[in-house]
Ligand code: ZN
């Protein structure tokens, strides 16, 4: 089932999301719905707060990047209770990001290229590992959502100033996008 996406300004996006118990009701269905919702809106990642649930669940699909990154062919994974344990600040990279919850805005964000994460996968197996490259970037963007942080918070102040009016309009329901979104009320 394709679910409506919550847009910048809606309070669930600013909440600290909770870890879930691994027998969370209908978890498989929720993950499937999140994949469907993400695919319907051409995203590469989606966090549960973006569909109105303040829980630590994220889906990521990097298969569309396989021409540039062959290692991501068929990379479709769910992350349950993910947490970033450490950032390796020795190397950072600046790349343009966008977000299904911030339609029409794309801005450069500087992030560390390597992070230490822990999470549980869809088979309920625990992972504790270092991740790098594009996946590490997408993870940082998505896991930020679970702490109520959005990529526009990490944009340089001068650029932030330039998108301020667009963001304000968004909080009033003024934006355009091709996918289903959650109305303000
Ligand atoms: Zn996002």
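Numbering (this note's numbering), first residue to last: 129 to 313. The beta carbon of each residue, even a glycine, is placed where N, CA and C say it ideally should be.
So which of the options has the shortest CA-CA distance to residue i?
{"i": "residue 266", "options": "183, 204, 140 and 160", "result": "204"}
{"i": "residue 99", "options": "149, 146, 129 and 301", "result": "For the chain, the structure presents residues 129 to 313; residue 99 sits outside this window and is missing."}
{"i": "residue 250", "options": "291, 162, 136 and 284", "result": "162"}
{"i": "residue 202", "options": "210, 192 and 208", "result": "192"}
{"i": "residue 252", "options": "138, 151 and 137", "result": "151"}
{"i": "residue 172", "options": "182, 187 and 216", "result": "187"}
{"i": "residue 273", "options": "243, 296, 229 and 292", "result": "229"}
With a threshold of 16 other CB atoms inside 10 Å of the CB of residue i, please say whether the residue is buried or exposed.
{"i": "residue 234", "result": "exposed"}
{"i": "residue 268", "result": "buried"}
{"i": "residue 223", "result": "exposed"}
{"i": "residue 213", "result": "exposed"}
{"i": "residue 261", "result": "exposed"}
{"i": "residue 332", "result": "Given a span of 129 to 313 for the chain in the structure shown, any question on residue 332 remains unanswerable."}
{"i": "residue 145", "result": "buried"}
So for residue i, helix, strand or coil by DSSP?
{"i": "residue 219", "result": "strand"}
{"i": "residue 208", "result": "strand"}
{"i": "residue 285", "result": "helix"}
{"i": "residue 236", "result": "strand"}
Whole-angstrom Cβ separation of residue i and residue j, contact assumed at under 8 Å?
{"i": "residue 177", "j": "residue 309", "result": "Actually they do not touch by this definition, with Cβ atoms about 14 Å apart."}
{"i": "residue 210", "j": "residue 271", "result": "5 Å"}
{"i": "residue 180", "j": "residue 134", "result": "5 Å"}
Q. Three or more beta-carbon pairs under 8 Å between the segment 150 to 164 and the segment 234 to 243, yes or no?
A. No, the segment 150 to 164 is not in contact with the segment 234 to 243.
(Q) Between the segment 274 to 289 and the segment 242 to 262, can you find at least three pairs of beta-carbon atoms closer than 8 Å? (A) Contact check between the segment 242 to 262 and the segment 274 to 289: fewer than three CB pairs, one atom from each, fall below 8 Å, which does not count as touching.
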